[in-house]
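These protein sequence lines are chains R and P, in that order. Using the numbering used here, read the first sequence as starting at 349 and increasing by one per residue. Using the numbering used here, read the second sequence as starting at 349 and increasing by one per residue. These notes are about the structure you will find just below.
Protein chains: 2
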Amino acid sequence: MKINIYDIAREADTSISTVSRYLNKKNVRPETKKRIEEVISKYNYRPSAIAKGLVAHSMKTVAVFVVDIRMPHYANAAYYIDNELSKYGYRTIICNTMGELSTIFKYVDEVSSQVDGIIFIGSIFNEINRFKDILQTINYIPIVSTNGKIDVKRSRAIYVDDQKGIYDATKYLINQGRKTICYIQYTNNVSALKKAEGYKLAMAEAKLPALVYHTNEIFSGYDITKNILFDYRFVEGIISGEDLLAMGAIRALRSQNIEVGKDCAVIGFNDSRYCELTSPTLTAIDNKIEESAVAAALSLKEMIEDEEASLDDITFNCELKIKESA
Amino acid sequence: MKINIYDIAREADTSISTVSRYLNKKNVRPETKKRIEEVISKYNYRPSAIAKGLVAHSMKTVAVFVVDIRMPHYANAAYYIDNELSKYGYRTIICNTMGELSTIFKYVDEVSSQVDGIIFIGSIFNEINRFKDILQTINYIPIVSTNGKIDVKRSRAIYVDDQKGIYDATKYLINQGRKTICYIQYTNNVSALKKAEGYKLAMAEAKLPALVYHTNEIFSGYDITKNILFDYRFVEGIISGEDLLAMGAIRALRSQNIEVGKDCAVIGFNDSRYCELTSPTLTAIDNKIEESAVAAALSLKEMIEDEEASLDDITFNCELKIKESA
DNA sequence: CTGAAAGCGCTAACAG
DNA sequence: CTGTTAGCGCTTTCAG
Chain R
349 MKINIYDIAR EADTSISTVS RYLNKKNVRP ETKKRIEEVI SKYNYRPSAI
399 AKGLVAHSMK TVAVFVVDIR MPHYANAAYY IDNELSKYGY RTIICNTMGE
449 LSTIFKYVDE VSSQVDGIIF IGSIFNEINR FKDILQTINY IPIVSTNGKI
499 DVKRSRAIYV DDQKGIYDAT KYLINQGRKT ICYIQYTNNV SALKKAEGYK
549 LAMAEAKLPA LVYHTNEIFS GYDITKNILF DYRFVEGIIS GEDLLAMGAI
599 RALRSQNIEV GKDCAVIGFN DSRYCELTSP TLTAIDNKIE ESAVAAALSL
649 KEMIEDEEAS LDDITFNCEL KIKESA
Chain P
349 MKINIYDIAR EADTSISTVS RYLNKKNVRP ETKKRIEEVI SKYNYRPSAI
399 AKGLVAHSMK TVAVFVVDIR MPHYANAAYY IDNELSKYGY RTIICNTMGE
449 LSTIFKYVDE VSSQVDGIIF IGSIFNEINR FKDILQTINY IPIVSTNGKI
499 DVKRSRAIYV DDQKGIYDAT KYLINQGRKT ICYIQYTNNV SALKKAEGYK
549 LAMAEAKLPA LVYHTNEIFS GYDITKNILF DYRFVEGIIS GEDLLAMGAI
599 RALRSQNIEV GKDCAVIGFN DSRYCELTSP TLTAIDNKIE ESAVAAALSL
649 KEMIEDEEAS LDDITFNCEL KIKESA
């Protein structure tokens, strides 16, 4: 039932090398070629990618590590990476780690002997650097990471300057004359801290108090904003490290009949397409997911195919995308 | 640099079979075991998954075909599938097809010789049935599909009764005394048509006119609703085949100061968590993504591991999740 | 408990 | 242009 190259060769009355040559588009005498083609299409034979992989030392597969593919940022990154790499014949294995070290370890262990390279999306994966044995197991395979750098031989980092993005956005609100501006911080990972830092910096420069609210639940924007309103009834601006939190904030503000964009400005982070769906539409910091994902994909491909590929850091800048909420 | 089982055996002064046994947790004399362990951890050796795969005829990998991982429905499905299957040591390859036949073919061709099974998410993949040679290439591998059935030997279908879901939702609005109820249809695939059918059925039973608006752009809810309002200024209900469209509808309605949930009810489809983010929150039809995805994953696993596994269809029913918009 | 050897399905010299 | 043969790195009999 499962047919292999020997079966094809036998039935086409030739040798496996000739079949292999045919498969790899090398020269084969027309008559022989015809016979091979017939047998192949008769059985709809497909050469085993695994056997091929064993010879080539490559399955043409990469692993993409994310926290949770359900979150827009990761879904987008995974999409653009897959889209780019599939052009070159690479397949993408998704690893949902939920940010848990044990899960990360498990996946790294499983895929490291199977993939040509790994992309880590998000600063959380910096945690890996604390574990020497994990670093060891991926020490010689090409690694690309966004917003962080993995400490192995062949590692390249793609940075997006989140901190400056938030800093600029905060400035933007301050320049509108707003004073009571709150920041909603999501999680405590490196990126989250940097973002909050951007906010604090801008506020400090304007001699305004930093009002940071913290959450680990991405859909809690509504609830957090309730707290904000309890503390600061006349809040003039809310900036958040995640679009979804900002969307929740808009809902909370509107439920109190606070005019979003006027009484209180709201700014999100990511500029996912969901920003179009709130009323008013959400002004957000575009952190260049597509650009950075494509850069990650291309970098990884180069590192896989060229031992000498550049390992220089790449940095992108955020861009504030003004819409209705600020 | 890249070390293999021979290297380990040599340095541990034993044979590769013994190393292999150790690797597969079979009995090995304690002293030998100790030596092997030392060498393995010295080099941080990981057995090649590819070579293993060649012997086992399995890479413990499945492919999940979606239209676009960026859409919540697919991201959720992929998440739950990966989550379930990873418990059993399977990895998930994501194939973003954008619903294009050529892309579907390309991916099927590439992965069919590499994966243990395939899951197709969404009725669009019914299209495959029109192409005999594609069916041929996956004829013997386990296939699970949602909202559709692939015509191959080892195929199992998971259905969610979308039509009834929409029918019930429409009824729900009708029972509220609403008469001018519009439906926004997304794409023309089998599921989309069935959903629209559910709406039409309910409207017909109530002797109300079916008002169907059509779009192929998932973020066009706002624009479509502008059209609806142009045609029916006093529309009393909008039902949509996708949450995102309904979210856009809410925005359009509110921009016209139409009270959503009272003047005009809005119902979405999927009941993704984004429904919590609009104001008012979106009432939506829960089409049981988690349940069906888990069922798909489990079914596929069974089919992979047991030649005789059940191939009976599985059907889930939708559930209307009432929130503020209806 | 252990080692030798065959084999998984393919590619790539090498000799013809 | 073609066939033989030796791997690729494992697992799995089969003897011992």
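Just so it is clear, CB atoms sit at the ideal spot from N, CA and C, and this is done for glycine as well.
Check                                                                                                                                                           : Outcome
Measure how close the beta-carbons of A411 of chain P and I491 of chain P come, nearest whole angstrom, since I'm counting them as under 8 Å.                   : With a Cβ gap of about 10 Å, A411 of chain P and I491 of chain P do not count as contacting.
Closer than 6 Å: is that where the CB of K480 of chain P sits relative to any heavy atom of the ligand ATP?                                                     : As presented, the structure is devoid of all ligands, the ligand ATP included, so that no description of it is given.
Leaving out five residues before and five after A600 of chain P in sequence, what residues of the same chain have Cβ atoms less than 6 Å from its Cβ?           : Y570, T573 and K574
Run through the DSSP bridge pairs and tell me what T409 of chain P is partnered with.                                                                           : P:R439
Below 7 Å on C-beta distance, what does N635 of chain R contact in chain P?                                                                                     : Within chain P, no residue comes near N635 of chain R; the closest Cβ sits about 16 Å away, beyond 7 Å.
Unbroken alpha helix (DSSP H) runs of length 4 or more, entirely within the region 493-575 of chain P: which are they?                                          : 510-523 and 538-553
Please report the straight-line C-alpha distance between K501 of chain P and N392 of chain R, rounded to a whole angstrom.                                      : 15 Å
Do you know how far the Cα of N635 of chain R is from the Cα of C666 of chain R?                                                                                : 5 Å
Indicate whether at least one CB of chain R lies closer than 7 Å to the CB of N691 of chain P.                                                                  : Residue 691 of chain P is absent from the structure shown; chain P starts at 349 and stops at 674.
Among residues of its own chain, excluding the 5 on either side of S471 of chain P, which ones have a beta-carbon nearer than 7 Å to its beta-carbon?           : N495, G496, N537, V538 and S539
What residues in the region 475-509 of chain P have a beta carbon less than 8 Å from any beta carbon of chain R?                                                : D481, Q484, T485, N487 and Y488
Which chain R residues sit within Cβ distance under 8 Å of Y427 of chain P?                                                                                     : D416, I417, R418 and N444
Tell me which residue opens and which closes the beta strand (DSSP E) that L668 of chain R is part of.                                                          : E667 to K669
Check D654 of chain R in the structure and name its three-state DSSP category.                                                                                  : coil
Kindly indicate which residue of P:E386, P:S673, P:F664 and P:R621 has the alpha-carbon position closest to the one of S568 of chain R.                         : P:R621
Taking 7 Å as the CB-CB limit, is G447 of chain P close to chain R?                                                                                             : no
Between which two residues does the alpha helix (DSSP H) harbouring F453 of chain R extend?                                                                     : L449 to V459
How would you write the range of the alpha helix (DSSP H) that T485 of chain R sits in, first residue to last?                                                  : K480 to T485
When Cβ atoms are compared, which residues of the region 391-406 of chain R fall closer than 7 Å to chain P?                                                    : N392, R394, P395, S396, A397, I398, A399, G401 and L402
Under a three-way DSSP split, which group does D611 of chain P fall into?                                                                                       : coil
With a cut-off of 7 Å, does the C-beta of G596 of chain P fall near any C-beta of chain R?                                                                      : yes
Apart from the five residues on each side of it in sequence, which residues of its chain come closer than 8 Å, Cβ to Cβ, to L483 of chain R?                    : I476, N477, I498, D499 and V500
Candidates R:F582, R:E565 and R:I353: which alpha carbon is nearest G596 of chain R's?                                                                          : R:E565
Hey, does T535 of chain R have any beta-carbon neighbour from chain P nearer than 7 Å?                                                                          : no
Cβ atoms of E458 of chain R and Q511 of chain R: under 7 Å apart, would you say?                                                                                : no
From what residue to what residue does the beta strand (DSSP E) around D634 of chain R run?                                                                     : T631 to D634
In terms of alpha-carbon separation, which member of R:T535, R:I587 and R:K542 lies closest to L559 of chain R?                                                 : R:I587
Examine the Cβ distances between the region 624-635 of chain R and the region 437-449 of chain R and report whether three or more of them are shorter than 8 Å. : no
So, does the region 410-429 of chain P touch the region 644-659 of chain P, judging by three or more C-beta pairs under 8 Å?                                    : yes
Say whether chain R places a C-beta atom closer than 7 Å to the C-beta of I388 of chain P.                                                                      : no
In terms of residue numbering, what span does the beta strand (DSSP E) encompassing S365 of chain P cover?                                                      : Not the beta strand (DSSP E): S365 of chain P falls in the alpha helix (DSSP H), residues I364 to L371.
In terms of residues, what are the limits of the alpha helix (DSSP H) holding S603 of chain P?                                                                  : D591 to S603
Using beta carbons (cut-off 7 Å, strictly below), is T663 of chain R in contact with chain P?                                                                   : no
Quick one: measure Cβ to Cβ for Y455 of chain P and C443 of chain P, integer angstroms, because I've assumed they're closer than 8 Å.                           : 4 Å
Taking 8 Å as the cut-off, does the region 511-530 of chain P touch the region 658-674 of chain P (at least 3 CB pairs, one atom from each stretch)?            : yes
Could you check how far apart the C-beta atoms of D591 of chain R and F617 of chain R are, in whole angstroms? I think they sit under 8 Å.                      : 6 Å
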